[in-house]
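> Numbering (this note's numbering), first residue to last: 216 to 658. Even glycine gets a Cβ: it sits at the ideal position worked out from N, Cα and C. Here it is: the structure, laid out below.
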Ligand SMILES: Cc1ncc(COP(=O)(O)O)c(C=O)c1O
């Protein structure tokens, strides 16, 4: 089958036009919510995105039609099992995995990561090394730190460059040694939006003889993922961050998932992915996730230029390409608009020429108001943002912001309207109050 050539530039123009954005937004029932006279503004995507109507309908349909446990000798169980199998196959397509047995579902990314890290820990010896970063969400740090205590593993830290919140790659190089067993790194920062050079990191780790564990939770709603091209041994993400239900999703190279001994009940199969999916899977959530993939396939066809006979993988890649293009425009607008708010300081990449090195997630402080005050005031205006450290625990400390409430975080998704960015900037200008005169260094 030949690959469709997504017409990406056209696609972006089409998705960004008012009529096309309205088509996208109409797919998400939650976006119809009003706050007074204005649409409620969901800028809290990094905490969880909204679900398209197809996903909600698929969840209801499962519950009405085939709500049953696994492997029963009766029709509803067989139909439920078909949903579960299809969800694995679709998730493998989303991540670019070669086989459905390479993906496992769990409660969330954190729970899956504790399960995998504990399983890996069984074979580690005192003095073995694990590399973690100060950029990562704590869910890709704490599970590895636990092995320090339990197995005598040595933790090597990689810091950030404070000027632009990128990983210190020299430190990365120095952190690797012949004793490195695992490198745990995020694909995108859930705080400052930096995209890390993960393909290069995987190469460096493999050259040192180590495996890699990539946290793609924050990247998944923004960029196409290709685990084979990336070469990583493991990758995790969370469907609720990419327009799906509350679930975690684990990818592992087949030999890794097969070789590792998981913690499981005795009668459960020793095969992957079942050995990683402890207990009963939430069938209704897997059904909903199929609805999410259905939505993304529609985006790939309508806005990404994926035309028949494009495969599901090709439609999903086209969708994520179109989303990336659309979000690039939103990110540039956000940089410009937020950059004009007096007293507002974005941490991270702010140079528009480097827009491809980030996703549209912005963390900032506003002079004269704590992050919590800002988020609360925005909340009163129907604008959902976040404040604090959002579990980017080390990053906030590396920036010296832990005692002052961290930062405000604004996370854009492809369904956000440019109008929302202007409303946000206007609200922030009002909140900057006494600082509304431009500061000397900004004029
Ligand atoms: C980058 C990143 N990693 C991991 C997590 C944890 O995900 P989960 O809630 O699925 O455990 C989050 C959640 O905010 C995240 O943003």
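Is any heavy atom of ligand 1 found at a distance shorter than 7 angstroms from the C-beta of residue 430?
Yes; taking the cut-off as 7 angstroms, the Cβ of residue 430 has a heavy atom of ligand 1 nearer than that.
> So, helix, strand or coil for residue 264, using DSSP?
Reduced to three states, the DSSP call for residue 264 is coil.
> Using DSSP with H/G/I as helix, E/B as strand and the rest coil, what is residue 320?
Reduced to three states, the DSSP call for residue 320 is strand.
> Is the Cβ-Cβ distance between residue 562 and residue 537 less than 8 angstroms?
No; because the gap between Cβ atoms is not below 8 angstroms, this pair is not in contact.
> Can you check the segment 551 to 636 for any alpha helix (DSSP H) of at least 4 residues that lies completely inside it and give the ranges in chain order?
Those alpha helix (DSSP H) runs which fall completely within the segment 551 to 636 and span 4+ residues are 586 to 595, 608 to 613.
> Look at the Cβ atom of residue 350, then the Cβ atom of residue 387, and state whether they are nearer than 8 angstroms.
Going by C-beta atoms, residue 350 is not nearer than 8 angstroms to residue 387.
> For the putative contact between residue 405 and residue 461, defined by C-beta atoms under 8 angstroms, what is the C-beta separation to the nearest angstrom?
Contact flag wrong, Cβ pair sits at about 16 angstroms.
> For residue 501, does the three-state DSSP call read helix, strand or coil?
Residue state, collapsed to three classes: helix.
> Can you check DSSP and say which residues form a bridge with residue 452?
DSSP, once it has assigned bridges, lists 464 as partnering residue 452.
> Cβ-heavy atom distance between residue 332 and ligand 1 below 7 angstroms?
Checking every heavy atom of ligand 1 against the Cβ of residue 332, none is found closer than 7 angstroms.
> For residue 600, which residues from the same chain have a beta carbon less than 7 angstroms from its beta carbon, with the 5 sequence-adjacent residues on both sides left out?
Result list for residue 600: 258, 259, 590, 593, 623, 624, 625, in chain order.
> Report the start-end ranges of each alpha helix (DSSP H) in the segment 358 to 393 that is 4 residues or longer and not cut off at the edges.
If we require 4 residues or more, the alpha helix (DSSP H) runs fully inside the segment 358 to 393 come out as 384 to 390.
> Going by DSSP, what residue range makes up the beta strand (DSSP E) through residue 348?
Residue 348 -> beta strand (DSSP E) spans 344 to 348.
> Let me know the secondary structure DSSP gives residue 523 once reduced to three states.
Three-state result, residue 523: coil.
> Do you know whose CA, among 454, 436, 422, lies nearest residue 447's CA?
That would be 422, whose Cα lies nearest to the Cα of residue 447.
> Given this structure, state the Cα-to-Cα distance separating residue 264 from residue 511, to the nearest angstrom.
Roughly 14 angstroms separates the two Cα atoms.
> Hey, out of 608, 550, 397, whose CA is closest to residue 363's CA?
Comparing Cα-Cα distances from residue 363 to each of 608, 550, 397, the minimum goes to 397.
> Would you check if the distance between the CB atom of residue 615 and the CB atom of residue 581 is smaller than 8 angstroms?
Not in contact: residue 615 and residue 581 (Cβ atoms no closer than 8 angstroms).
> Threshold first: 4 residues or longer. Then list the alpha helix (DSSP H) segments lying entirely within the segment 275 to 345, N to C.
As far as the segment 275 to 345 is concerned, its whole alpha helix (DSSP H) runs of at least 4 residues are 290 to 310, 324 to 336.
> Just to confirm my understanding: we take residue 452, look at its own chain, exclude 5 residues before and 5 after, and list those with CB closer than 6 angstroms. What are they?
Hits under 6 angstroms: 431, 432, 435, 464.
> For ligand 1, I want to know if residue 261 counts as a neighbour, meaning its beta carbon is within less than 7 angstroms of at least one of the ligand's heavy atoms.
Under cutoff, so the answer is yes.
> Would you call the CB atoms of residue 310 and residue 450 closer than 8 angstroms?
Yes; because the gap between Cβ atoms is below 8 angstroms, this pair is in contact.
> Could you please give me the residues that DSSP links to residue 256 through a beta bridge?
Bridge partners of residue 256: 598.
> When you compare the CB positions of residue 402 and residue 369, do they come within less than 8 angstroms of one another, or not?
Contact flag unset, no.
> Going by C-alpha distance, which of 360, 567, 597 is nearest residue 214?
Shown here, the chain extends from 216 to 658; a query on residue 214 therefore has no answer.
> Quick check on residue 430: does DSSP put it in helix, strand or coil?
Strand.
> Can residue 453 be considered in contact with ligand 1, in the sense that its beta carbon sits closer than 7 angstroms to one or more heavy atoms?
Yes - ligand 1 has a heavy atom lying nearer than 7 angstroms to the Cβ of residue 453.
> For the candidate residues 409, 233, 306, whose alpha-carbon lies nearest to that of residue 375?
Here the closest residue by C-alpha is 409.
> State buried or exposed for residue 656, treating a residue as buried only when at least 16 other CB atoms are found within 10 Å of its CB.
Note that residue 656 scores 40 on pLDDT, short of 50, meaning its location in the model is unreliable and no value can be drawn from it.
> Could you give the DSSP three-state label for residue 233: helix, strand or coil?
In the structure shown, residue 233 sits in a helix (DSSP, three-state: H, G or I).
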